[in-house]
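To start, the structure itself, in structure tokens.
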Amino acid sequence: MGPVLAGVLQLLALIGALALAYVPLGTYMARVYSSDRHLRVEKWIYRGIGANPDTQMRWPAYLRGVLAFSVAGVLFLYLLQRLQGVLPGSLGFSSVDPAQSFNTAVSFVTNTNWQSYYGEQTMGHVVQTAGLAVQNFVSAAVGMAVAVALVRGFARSRTGELGNFWADLVRGTLRVLVPIAAVAAVVLVACGAIQNFSGIHEVGQFMGGSQQWNGGAVASQEAIKELGTNGGGYFNANSAHPFENPTPLTNLLEIFLILVIPFSLTRTFGVLVGNVKQGYAILATMGVIWFGFTALMLWTEFAHRGPALQIAGGALEGKEVRFGVGGSSIFAVATTLTSTGAVDSFHSSFTGLGGGITMLGMMLGEIAPGGVGSGLYGILILAVIAVFIAGLMVGRTPEYLGKKIGAREMKLAAAYILVTPALVLVFTAASMALPTPPHSMLNPGAHGFSEVLYAFASAANNNGSAFAGLNANTDWFNTMTGLAMLFGRFLPMVFVLALAGSLAEQKPIPVTAGTLRTEKPLFTGLLVGAILIITGLTYFPALALGPLAEGLA
């Protein structure tokens, strides 16, 4: 079987698996977030944190819950790293220094999972499991909760109530993420991933010296890092490491885990608003962009030039032979079009245009299908902008799902789409202008600029993957990427929840002959065009200086 055919078959198998999971998982999540029943273990948690899950919250109270929980998570994870030297199970590792502790704490709480350290040489078992793995669950659940709050804003009328954050957080964690992650972890162990709490041991002699590895609860963390679109690896090589991702089958499973909840949430959206066709329209938009990016990536990486690449069957440098060009390309698109950031290859080693595709995927706002929760609320914001554009073209007051899109709603939507590009471009410009940060670049010219641009695109969009080649473990990059992650995660959430509250207060507008049918293919095409044009106009100059200049050279 040729490498191109193998890549195409993997893509078809992935699409089939996602199609089978779409309806049952999406419908199940709709029942989870609309249920009035509380499980016994959930009641224990509510009593422990002093929360009443039946209390309805308006958007400011919901936002306070999101921020309070996230601040507590940052402080706990920061202290856990700073105290690692005196904790049991530290494997002899010392405490993590302050700048890196801050960066890592912010990274995992914001669902970014950017790592400027070697995981197997820095974090012991306690920090990995009690700190990082726990945040993999709850940070994903926070994103899902905010998405559901926005959906309730569309579904409810004449009330500002968006549900209860604590109930949404607990249900998303215990009823959705934990069961699926547990099954996936067992499958990964059966396929060769490791799961233990062993210490550091020697595994052989290499080039006159010994090589040492430590074990860990790798399979369980690998499962939730993909399912929750987190991406932080137990080892520095991330999902390219055979302990995390041993075979082509596990590679395909991990891609499936990355995509299954973000795509299925469109079904949840359709069920909750009472019109599943609306969910299919959003799914079609996500699917068109994801499939287009995947096909383009496969073409750029298989379109090899020169005898070396022809013999290899594609651009194999920087990719794992056991996954090949096809599996690596599909993984790269999945992880950068979501907020996952896990990597099974070095994106810096992709072709110039291939590296640009990974960057553009993040710059779209990671909405196709995007992160767990964040992808859905991101594309719904862009849907609001698309109906506004359509309203301008026909001279009609725009409306979406029976809610009028007025000046307040458009201001919130505009603020949402502007904040992340501003963070990416300002931090990148500062890093290139100051004398010290460019010293962290491994490569000069366009490729070196791409390393810095990729870092801040990854941080501000809460992706977490790295282009490779950039030494980000400096005080400047630890601090600046940490700030980019904080602002990139929580400022958009402010605008999303404010928009949800504004929509929930409105009374529904009846459908008339002039109402834009947002469940039709015409609207899907409009939405895809709006996404690509808005992103292209925002980031094109920066992309022209980096990956486009390199790819066309």
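Counting in the numbering used here, the sequence shown runs from -7 upward without gaps. Using N, Cα and C, we set each Cβ at its ideal position, and we do this for glycine too. Every value quoted in this text rests on a predicted model; they were computed, and no experiment measured them.
query: Considering only residues of the segment 135 to 190, which uninterrupted alpha helix (DSSP H) runs meet the minimum length of 4 residues and lie entirely inside it, listed in chain order?
result: 157 to 163, 170 to 182
task: State the DSSP-derived secondary structure class of Lys512, mapped to helix, strand or coil.
output: coil
- prompt: What are the start and end residues of each continuous alpha helix (DSSP H) run of 4 or more residues lying completely inside the segment 22 to 108, in chain order?
  reply: 32 to 41, 51 to 74, 90 to 101
- prompt: Would you say Phe419 and Ala458 are within 9 Å of each other, going by their C-beta atoms?
  reply: no
message: I believe Ser432 touches Asn463 by the beta-carbon criterion, under 8 Å. Please report the beta-carbon distance rounded to the nearest angstrom.
response: 4 Å
Gly316 beta carbon less than 9 Å from that of Pro(-5): yes
query: Which residues does DSSP pair with Leu462 in a beta bridge?
result: Met433
message: Please identify the residue among Val118, Thr527, Asn105 whose C-alpha is closest to the C-alpha of Arg74.
response: Val118
- request: May I ask you to report which of helix, strand or coil DSSP gives Gln498?
  value: coil
- prompt: Which residues mark the beginning and the end of the alpha helix (DSSP H) in which Leu290 is found?
  reply: 268 to 294
- request: Kindly indicate which three-state DSSP category Ala320 falls into: helix, strand or coil?
  value: It is worth fixing the name first, because residue 320 is Ser in this sequence and not Ala. In the structure shown, Ser320 sits in a helix (DSSP, three-state: H, G or I).
- request: Could you tell me which residues DSSP pairs with Ser450 in its beta bridges?
  value: DSSP lists no partner for Ser450.
query: Quick one: Cα of Leu508 to Cα of Val143, how far?
result: 19 Å
Sequence-distant residues of its chain with Cβ nearer than 7 Å to Leu241 (five each side left out): Cys183
task: Apply the 10 Å Cβ neighbour rule to Met385 and answer buried if 16 or more other Cβ atoms are within range, or exposed otherwise.
output: exposed
query: In angstroms, rounded to a whole number, what distance separates the CA positions of Gly8 and Ala91?
result: 44 Å
query: If you check the beta carbons only, do Trp158 and Ala43 fall under 9 Å apart?
result: yes
- request: Could you tell me how far apart the beta carbons of Ala438 and Leu329 are, in whole angstroms, since I believe they sit closer than 8 Å?
  value: With 8 Å as the limit, Ala438 and Leu329 do not qualify as a contact, their Cβ atoms being about 23 Å apart.
task: Just tell me which of His30, Asn435, Leu4, Asp336 has its CA closest to the CA of Leu166.
output: His30
- prompt: In chain order, what residues of the same chain lie with their CB nearer than 6 Å to the CB of Gly152, ignoring the 5 residues before and after it?
  reply: Arg50, Gly493, Ala496, Glu497
Under the three-state DSSP convention, the category Asn206 falls into: strand
message: In whole angstroms, give me the CA-to-CA distance for Pro484 and Asn454.
response: 11 Å
- prompt: Can you tell me whether DSSP reads Tyr20 as helix, strand or coil?
  reply: helix
- prompt: So the alpha helix (DSSP H) Tyr369 belongs to, where does it begin and stop?
  reply: 366 to 386
query: Thinking C-beta only, is Pro238 closer than 9 Å to Ala185?
result: yes
task: Have a look at Leu524, Glu358, Phe94 and flag the residue whose alpha-carbon is nearest the alpha-carbon of Ala378.
output: Leu524
task: Quick one: give me the first and last residue of the alpha helix (DSSP H) that Asn243 is part of.
output: 240 to 264
- prompt: Are Ser337 and Ala324 close, meaning C-beta to C-beta below 9 Å?
  reply: yes
- request: Look at Phe129 and Val170 and say whether their C-beta atoms are less than 9 Å apart.
  value: yes
Pick from Glu511, Thr19, Lys35, Ala(-2) that is closest to Ala263, judged by C-alpha positions: Per the sequence shown, residue 263 should be read as Val rather than Ala. Nearest option by C-alpha distance: Thr19.
- prompt: What is the DSSP secondary structure of Glu401, reduced to helix, strand or coil?
  reply: helix
message: Give me the DSSP bridge partner(s) of Ile192.
response: Asn206
- prompt: Considering only the beta carbon of each residue, do Phe94 and Asn470 sit closer than 9 Å?
  reply: yes
- request: Assess, as a yes-or-no matter, whether the segment 470 to 480 is touched by the segment 120 to 140 under the definition of 3 or more beta carbon pairs within less than 8 Å.
  value: no
- request: Could you pull out every residue in the same chain whose Cβ sits closer than 8 Å to the Cβ of Asn465, ignoring the five residues on either side in sequence?
  value: Gln92, Ser108, Tyr109
- prompt: What residue from Thr332, Ser321, Val313, Ala307 has the CA that sits closest to Gly365's CA?
  reply: Thr332
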